[in-house]
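S.K.:
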Amino acid sequence: MRNIIWLLVLLLVILHQDNWLWGDTRLVFGFIPISLFYHMCISLAAGVTWYLATVFAWPDNLEWSEAGSAEAGSAKADSAKAGSAKADQASAGTAGHHDGRTDS
Amino acid sequence: MTQLTIIMIYLAMLLGLGLFSSRLFRGTSEDYLLASHSIGPFMLLMSLFGTTMTAFALVGSTGEAYKEGVGVYGMLASSSGIIHSLCFFLIGVKVWTLGRKYGYMTQIQFFRDRLESDKIGLLLFPVLVGLVIPYLLIGVLASGTVINGVTRGTFSQEMFAASQGGVPASWASFVVCAVVLVYVFFGGMRGTAWANTFQTLVFMVLGLVTFCVLATKLGGQDGFMANLRAASEAVGEDKLTRHHITKLQFFTYMLIPFSVGMFPHLFQHWLTAKSANAFKLPVVAHPIFIMIVWVPCVLVGIWATTDLASIPDKVPANAVLAFLVKTKVGPVLAGFLTAGILAAIMSSLDSQFLCLGTMFTNDIVLHYWGRERFSEKQIIVLARLFIIAIVAVTYYFSLFEHRRVFQLGVWCFSGFSALFPIVLASLYWRGLTKAGAYAGILAAICSWAVLFYQSGFAQNPRFLLFGMMPVATMFLCSTAAMVLVSFATPKPSEATLAKFF
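Below, the structure written as structure tokens:
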């Protein structure tokens, strides 16, 4: 299903180019230029496509983060920021949060 | 005087909202800068939409449709509906997850970690700030111009001769800056999100009301539909088609909305979300909201080209909406519409001011001087001081004449778009290396600078390269440099890969 969603997004991009109505001067409902009407439909289709994306292609690895990361996250952030500062002062990324930073 | 009174009441209401939201402040830097990750789906939608819709959404869209015809909707609006939501979906949700997990407040914190490079911050910081400041200037200058335009004739010519009896643009810009500063200063991110929600509702509703009134005045028929038909039937063929735009230009314009993926102020807004699920509503509703705001403006823009509107040649395109409102509708609606335009402007300015304050505080001061040296209270004071400094600097720049500021805006967006491949790869490609990211960023900067020079420093608004928008070349250069160098350089450490993938 995810692949179908991404194909729909690709289709939207292709349809958006709309070479076929480039010089068309007709008015839809007597007042909307057809080119504008077509792109209004593209906007609506984008809304529908993204709705389908949120239903069928929503990332499924977020639950852990939402449920359990808040406290762990802030704890990590505190230690990370402290670690980061130390690492910066030492002019090398060797410790704490920034393990592996190799600028120097 | 009626317009000025309505504008002042509106600004006073915003101040009240900002001050009220400050009563909910919890006293921590995380609350001040990220509203303690408490923003639900509706406010997230309104914040993101309000932030991405600048003065250009109401004033510029009408002006561009007046000049170029209906093609501007496809070029700027429907493309943004697809790409902005794509960025929220692909980048926003992932960034939120990592931000909650590792406590990020800014883009640079994320890039420093992901790329195992401390100095990437020193490269990115001036680039991001340099691209945001002209974007800020657009809002500050536009607010002054709009208020001056609608208040002309309010005062005697002796008082304000240079501004034709209206509030001088520099004074108006100052007041708008001051109002935004006050509610950002006291309310922080929560105040900003509340103000954005309120302002987005204001400019959407007032935009629709103005459209209906203008259609009635221009059409001159009995019945609303008859007025719509009369106005559209009077439009010349060239404005109903896209003959002004080449197909390649139209296609490559679609790269510009990718700038949203790298806007630092949107990055910060994403982190305010209460949960990942809060993104679903913005992802779905954003294209529809763009349509609601843009379609009426584009129709008014093409109607303005007809004899029904009788716009004098001397009226510049960006002043067309203000001219129509002033000449076709009463002062009360003109005042409300001006409030709506200011709402669109300020809902972007506030996030940008706050974001630059956050970046200076976190990425420079706390990073290099050490977070442990500062208490929570001191961090908030620092952020506030930086916000005041940024507002002052932006206002100072706005005092100079910037005739090409809207063109500069497109160049800013192009610069952010050129950096988009870096953020996408850093989230989804294990093979992105530190050297690859540096190469991509440098290629983006260099290609931007060369093309900006070739365009006469934005003096040529129709500058194309091989028939394409310059952003296409920048995008290609940054992507190619990033990929090629990443393949040729050592991969990130296993620890980093495990952390991010």
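Chains W and D, in that order, give the protein sequences. By the count of our numbering, the first sequence reaches residue 135 at its end, each step adding exactly one. By the count of our numbering, the second sequence reaches residue 503 at its end, each step adding exactly one. Every residue, glycine too, gets a C-beta built ideally from N, C-alpha and C.
Using CA coordinates, which residue listed in D:Ala-67, D:Ser-81, D:Leu-100 and D:Ile-41 is at the minimum distance from W:Ser-74?
M.R.: Position 43 of the first sequence, counted from the first residue, corresponds to residue 74 of chain W. Considering only alpha carbons, the answer is D:Ser-81.
S.K.: Mind checking who D:Ala-319 pairs with in its DSSP beta bridge?
M.R.: Stepping through the second sequence from its first residue, residue 319 of chain D is reached at position 317. D:Ala-319 is not bridged to any residue.
S.K.: How many Å lie between W:Gln-120 and D:Leu-125 at the Cα?
M.R.: Against the first sequence, residue 120 of chain W aligns to sequence position 89. Against the second sequence, residue 125 of chain D aligns to sequence position 123. Residue placement at W:Gln-120 cannot be trusted, given a pLDDT of 42 that sits under 50; what the coordinates show is reported in the next sentence. Straight-line Cα distance between these residues: approximately 19 Å.
S.K.: Rounding to the nearest angstrom, what Cα-Cα distance links D:Ala-275 and D:Leu-139 in this structure?
M.R.: Here residue 275 of chain D refers to the residue found at position 273 of the second sequence. Here residue 139 of chain D refers to the residue found at position 137 of the second sequence. Taking the straight line from one Cα to the other gives about 28 Å.
S.K.: What are the partner residues of W:Trp-64, as DSSP defines its beta bridges?
M.R.: Start at 1 with the first residue of the first sequence, and residue 64 of chain W comes out as number 33. It is Pro, not Trp, that sits at residue 64 of chain W in the sequence shown. Answer by DSSP bridge pairing, in chain order: W:Leu-58.
S.K.: State the DSSP-derived secondary structure class of W:Ser-105, mapped to helix, strand or coil.
M.R.: For the purposes of this step, residue 105 of chain W is identified with residue 74 of the first sequence, where counting begins at 1. With a pLDDT of 46 at W:Ser-105, under the threshold of 50, the modelled position of that residue is not reliable, and no figure is offered here.
S.K.: Using a C-beta cutoff of 8 Å, does D:Ala-287 count as contacting chain W?
M.R.: Within the second sequence, numbered from 1, the residue matching residue 287 of chain D stands at position 285. So yes, D:Ala-287 belongs to the interface.
S.K.: Please report the residue range of the alpha helix (DSSP H) in which D:Thr-7 lies.
M.R.: On the second sequence, position 5 is the one that residue 7 of chain D refers to. From DSSP, the alpha helix (DSSP H) with D:Thr-7 extends over 4 to 24.
S.K.: Helix, strand or coil for D:Ile-292? Go by DSSP, reduced to three states.
M.R.: Start at 1 with the first residue of the second sequence, and residue 292 of chain D comes out as number 290. D:Ile-292 falls in the helix class under three-state DSSP.
S.K.: Thinking D:Ser-488 and D:Leu-434 are a contact (beta carbons under 8 Å), I'd like their distance in whole angstroms, please.
M.R.: Looking up residue 488 of chain D in the second sequence gives position 486. Looking up residue 434 of chain D in the second sequence gives position 432. So it is a contact: roughly 5 Å between Cβ atoms.
S.K.: Alpha helix (DSSP H) containing D:Glu-1: first to last residue?
M.R.: The structure shown does not extend to residue 1 of chain D, since chain D is modelled only from 3 through 503, so no value can be given for it.
S.K.: Suppose contacts are defined by Cβ-Cβ distances below 8 Å. Is D:Leu-356 in contact with D:Val-186 by that definition?
M.R.: The residue you call residue 356 of chain D lines up with position 354 of the second sequence. The residue you call residue 186 of chain D lines up with position 184 of the second sequence. Cβ atoms of D:Leu-356 and D:Val-186: closer than 8 Å.
S.K.: Against D:Tyr-75, what residues of chain W qualify as contacts under a CB-to-CB distance less than 7 Å, listed in chain order?
M.R.: Working through the second sequence from its first residue, we reach residue 75 of chain D at position 73. Residues of chain W passing the Cβ test: Leu-67 and His-70.
S.K.: Looking at the structure shown, is W:Ala-113 part of a helix, part of a strand, or coil, going by DSSP?
M.R.: Here residue 113 of chain W refers to the residue found at position 82 when the first sequence is read from its first residue. For W:Ala-113, the pLDDT reaches just 44, beneath the cut-off of 50, and the residue's location in the model is therefore unreliable, leaving the point undetermined.
S.K.: For W:Ile-73, which residues in chain D fall below 7 Å Cβ to Cβ?
M.R.: In the first sequence, the residue the question calls residue 73 of chain W occupies position 42. Simply Ser-80.
S.K.: At the 8 Å Cβ level, is D:Met-470 part of the contact set with chain W, yes or no?
M.R.: Indexing the second sequence from 1 puts residue 470 of chain D at position 468. Not an interface residue.
S.K.: What is the rounded straight-line gap between the Cα of D:Gln-166 and the Cα of D:Met-107?
M.R.: One-based indexing of the second sequence puts residue 166 of chain D at position 164. One-based indexing of the second sequence puts residue 107 of chain D at position 105. Whole-angstrom Cα-Cα distance: 46 Å.
S.K.: With DSSP collapsed to three states, give me the class of D:Ile-313.
M.R.: As a first step, residue 313 of chain D must be located in the second sequence, where it is residue number 311. Residue state, collapsed to three classes: coil.
S.K.: Please confirm whether W:Phe-87 has its beta-carbon closer than 8 Å to some beta-carbon of chain D.
M.R.: By 1-based counting over the first sequence, the position of residue 87 of chain W is 56. Taking a beta-carbon distance threshold of 8 Å, W:Phe-87 does not count as an interface residue toward chain D.
S.K.: So which residues of chain D does W:Asp-49 contact, with C-beta pairs closer than 8 Å?
M.R.: Start at 1 with the first residue of the first sequence, and residue 49 of chain W comes out as number 18. Within 8 Å Cβ-Cβ: Gly-76.
S.K.: Determine the direct distance from the alpha carbon of D:Asp-309 to that of D:Ala-319, and round the result to whole angstroms.
M.R.: Numbered from 1 along the second sequence, position 317 holds the residue referred to as residue 319 of chain D. Numbered from 1 along the second sequence, position 307 holds the residue referred to as residue 309 of chain D. D:Ala-319 and D:Asp-309: Cα-Cα distance of roughly 16 Å.
S.K.: Counting only beta-carbon separations shorter than 8 Å, does W:Trp-37 have a partner in chain D?
M.R.: In the first sequence, residue 37 of chain W corresponds to position 6, counting from 1. False, the Cβ-Cβ gap to chain D never drops below 8 Å.
S.K.: Quick check: the Cα distance between W:Leu-93 and D:Arg-102, rounded to an integer number of angstroms?
M.R.: On the first sequence, residue 93 of chain W is found 62 positions in, with the first residue counted as 1. On the second sequence, residue 102 of chain D is found 100 positions in, with the first residue counted as 1. Between W:Leu-93 and D:Arg-102, the C-alpha separation is close to 11 Å.
S.K.: Going along the chain, which residues of its own chain have a beta-carbon closer than 8 Å to the beta-carbon of W:Ala-106, five neighbours each way excluded?
M.R.: Here residue 106 of chain W refers to the residue found at position 75 of the first sequence. Interpretation of W:Ala-106 is limited by its pLDDT of 44, a score under 50 that renders its predicted location unreliable; the figure taken from the coordinates is listed afterwards. Around W:Ala-106: no qualifying Cβ.
S.K.: Quick check on the DSSP output: the alpha helix (DSSP H) that includes D:Val-129 runs from which residue to which?
M.R.: The sequence position of residue 129 of chain D within the second sequence is 127, counting from 1. 122 to 153 is the span of the alpha helix (DSSP H), which, as asked, contains D:Val-129.
S.K.: Compare the C-beta of W:Leu-41 with all C-beta atoms of chain D and state if any pair is closer than 8 Å.
M.R.: Residue numbering aside, residue 41 of chain W sits at position 10 when the first sequence is read from its first letter. No, W:Leu-41 does not count as interfacial toward chain D.
S.K.: According to DSSP, D:Ala-483 sits in a beta bridge with which residue or residues?
M.R.: As a working note, residue 483 of chain D is residue 481 in the second sequence. D:Ala-483 is not bridged to any residue.
S.K.: Could you name the residues of the same chain whose beta carbon sits closer than 7 Å to that of D:Thr-475, not counting the 5 residues immediately before and after it, in chain order?
M.R.: Translated into the one-based positions of the second sequence, residue 475 of chain D becomes position 473. Excluding residues within five positions, the ones whose Cβ falls inside 7 Å are Ser-449, Leu-453 and Leu-467.
S.K.: Report, in whole angstroms, the separation of the C-beta atoms of D:Ile-149 and D:Phe-127, which I expect to be a contact under 8 Å.
M.R.: As a working note, residue 149 of chain D is residue 147 in the second sequence. As a working note, residue 127 of chain D is residue 125 in the second sequence. About 33 Å separates the two Cβ atoms, so there is no contact after all.
S.K.: Closer than 7 Å, Cβ to Cβ, to anything on chain W: give me those residues from the stretch 238 to 250 of chain D, in chain order.
M.R.: Glu-239, Leu-242, Thr-243, Arg-244, His-245 and Lys-249
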